[in-house]
Each structure stands twice: as structure tokens, then as C-alpha cells.
Amino acid sequence: MTIQLTGPAPAATPGNARRRRALDRIVPWAAPAWVLAYGVLRAYWAAGNQPEDLSPAGPDLVVFTGWGSVALCGAAAAVLVALTHPAARHRPGRVLRAAAWAAAACLAAAGALLLLDVIGAVLPGLGVAFRPLGALSRAACVTAAILTGLAALAHRRRTRVGCGCGAAAAGPLARTPAWAYRAAYLAVAGCAARVAAQAAVGFGESPLSGGLSALVFEAGFLLGGTLLPLALVHPFGRTWPRLVPGLGGRRVPRRVVLWPATAISAGLTVYFGLMLLLMCWERLHGRNPFPPEGGLDLPEVFFWVAVPAYVLWGAGMAVAARAYARRTRVPCPACGR
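What the sequence shown shows, in the numbering used here, is residues -11 to 325, in sequence order.
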């Protein structure tokens, strides 16, 4: 199923190309500097100087903790520095880019608890514990992951034969492909499965507090699991519907849809993907991944439905967001791709 975009196509602007080139000059050096600085901080903490109030329970990072986080930052910084060497323009550059992406994924996994920090900071009445210093540490770790990924992308553009814009040969998508629709509706199905799992055990069985914060969270939860994925593939995500006062018929700014979709899909996929792996590990060793604690006693089957549902939601929206990004991308003013 395909739908033609309505309204005028976005014009190619040289300003976008200039900003991208400026970013490609800054990121290759800013990324290793940031990662190395964070690694020095982790080394200082690992040497016995880590503050105590970084997380409600356990260390501030997951998977890569203590000296493991120091080793990860050191390895990531070494790869990033190697990417700036002239020799990395040739075949070794592909290996280094793959290593950079692997390091970015590990850094993102280490800071996975940032998702809870954001919820706790935005909705303080929800009952999600928030530790400011720990949140800053996790934000720095996730920033290191983002910068590492951006450095890999910048290297790809620098070493690309031709224009160097890094665009796919096919350019922006002329239509929304069928696979994007399937991914978006899988995301909606994941959200629906999560709600169904909660309904099965009762909506009162939740660790979250009530009040206005809970209402705002639930509204955002439903909009992020239904309206947002559908906006990535349907025309109303690109052109405001006629019923919207003052905006009907105008083009929807790309960032209004793409940025929230990217952030939410990344947070859900990383956090709950890691949780699913840990659940499998605990069950393979004969342990209950979620033993009753804190007055919350839910059947284990609830988590085996809810957590994969979150992963499906995040992964489906990530794929749909990728299609939306290509569907709304401004062509390169130099090569037209």
C-alpha cells in the first residue's frame, strides 16, 4: 500500500548542507574528547570515589559498570581517534566504523536507565525515583553513544565516492513503502498488547502513583503508541489535516514527528531490549526475573507479555521513523539525491 505525499515538496536548501559539513568537521574531534573525559570520570569513580546517591538501587549504569565502563570508554575513544587517521579512508575504515557502531550500542545499553530518569524528571508525581547526579551520568553516557554514532556517520560521508553527502543512491522516498506501514502497525500492536497485559492483571496493580502526573503519563503513553506511529506513515504526519485551525493544509515540520518518534523508539528498544535479554538470562538459570518486592506481586507471565510488547513497539516505530526520515528528507543541493 502506498500513498502519494500531498502539498509542495520541501525545497533543497544550501544551509542544510553547510550545517551538515560543519557538523562533520566538529563531531570527529568532539566525540573522542567527550568519551575520553567521561572515561576519566568513570576511572575516578571506579577507584573508590563514586558518590552513593546515583541510583535507587545498584550502580548508575548497567552491564558496563565499574572498571568495565572505563574499558568501554577507552576502547570507544581509541576507535574514534583511529577514524580520524588518513589511513581510515581506505578498507580499514569499514572495520573501524563497525567497531564505532558497536561501541555506540554498548554505551547506549550502559545508559539505558536514562529512560526512567526522563520520566521521573518530567513527571515528578509519578513515583519514579529520580537521582539528579545519576541522571547526569547516564545522560553523559548516552551522549557519548550518540556522538560515537555521529562520528561513524561523518566518516562514512567523508569517505563516500561522489558528492560526499552520504545520501542513499535512491534519494528521498517518493512514496511510503508497504514495509513502513507494517512496522507502524506492529508498533501499535505492541502498545495494545502492553495495555492488554495490564488489563489482565488489573490497572490498580501498578508501581506508579496516581494523580495528575499519572493522567499525563497515560495520555502520552497512548498517543506515543497509537497516533505517533501512524503519523510516521499516513499523510496527516506530513500535512496538517484541514480540521486543524490555522494549520490545516500546511506542511508538518519534520522535527515535530521525527524527533519524538526517534527518541521514544530508541528509549523503548534499548531499555526493554536489554531487560528482555536479562529476563532470558535469569530464566535460563532457573530464577524468577521479577521476584515479588515492594508490595508488587505480579505473575511472571505478565512480564513475558509486557516486555516483548515494548520491544515490538519500539522496534516497529524505529523502522517506521526511518521511512519517515527518508520520505521527508531534503535532497542534497549538490547532487540532488
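Glycine is no exception: its CB is placed at the ideal position from the N, C-alpha and C atoms.
Starting from residue i, follow the alpha helix (DSSP H) in both directions and report where the run begins and ends.
i, result
"SER253", "242 to 272"
"ALA334", "This structure does not reach residue 334, given that the chain is present from -11 up to 325, and the question cannot be answered."
"GLY108", "102 to 110"
"LEU95", "80 to 98"
From residue i to residue j, what distance separates their C-alpha atoms?
i, j, result
"PHE205", "LEU264", "23 Å"
"ALA279", "PRO248", "For clarity, residue 279 is Pro in the given sequence; the question names Ala instead. Using only the alpha carbons, I get a separation of about 33 Å."
"GLY115", "ARG85", "41 Å"
"ARG315", "ARG148", "22 Å"
"ARG170", "GLY304", "8 Å"
"TYR26", "ASP105", "19 Å"
"VAL67", "ALA87", "7 Å"
"VAL28", "PRO112", "31 Å"
"ALA254", "VAL245", "14 Å"
"ALA297", "ALA75", "44 Å"
"PRO20", "THR53", "20 Å"
"ALA156", "ARG82", "Confidence at ALA156 is low in this model, with a pLDDT of 47, below 50, so its placement is unreliable and no value can be given for it."
"TRP17", "ALA294", "41 Å"
"VAL15", "HIS273", "43 Å"
"PRO277", "THR164", "40 Å"
"ARG7", "ARG13", "10 Å"
"LEU211", "LEU203", "12 Å"
"PHE290", "LEU266", "16 Å"
"ALA65", "CYS129", "13 Å"
"HIS78", "ALA181", "47 Å"
Are residue i and residue j close, meaning C-beta to C-beta below 8 Å?
i, j, result
"VAL307", "ALA168", "yes"
"GLY234", "TYR312", "no"
"GLY208", "LEU300", "no"
"VAL176", "PRO229", "no"
"ALA98", "VAL51", "yes"
"ARG119", "SER201", "no"
"ALA162", "VAL221", "no"
"LEU262", "GLY302", "no"
"ASP48", "GLY108", "no"
"THR227", "ARG243", "no"
"LEU95", "ARG126", "no"
"PRO287", "VAL183", "no"
"CYS61", "VAL23", "yes"
Check residue i in the structure and name its three-state DSSP category.
i, result
"ARG340", "Given a span of -11 to 325 for the chain in the structure shown, any question on residue 340 remains unanswerable."
"THR214", "coil"
"CYS72", "First, the amino acid is wrong: residue 72 is Thr here, not Cys. Reduced to three states, the DSSP call for THR72 is coil."
"ARG126", "helix"
"ARG275", "coil"
"ARG9", "helix"
"ARG182", "helix"
"THR53", "coil"
"ARG147", "Per the sequence shown, residue 147 should be read as Thr rather than Arg. Of the three classes helix, strand and coil, the one that applies to THR147 here is coil, per DSSP."
"ARG230", "coil"
"ARG119", "coil"
"ARG239", "strand"
"GLY208", "helix"
"GLY46", "coil"
"SER191", "It should be pointed out that residue 191 corresponds to Phe in this sequence rather than to Ser. Of the three classes helix, strand and coil, the one that applies to PHE191 here is coil, per DSSP."
"VAL221", "coil"
Decide if the region 54 to 61 is in contact with the region 33 to 41; the criterion is three or more beta carbon pairs, one per stretch, under 8 Å apart. yes
Determine, using beta-carbon pairs with one atom in the region 124 to 139 and one in the region 80 to 98, whether at least three such pairs fall under 8 Å. yes
Tell me whether the region 69 to 82 and the region 138 to 147 touch, counting them as touching only if at least three CB pairs, one residue from each stretch, are closer than 8 Å. yes
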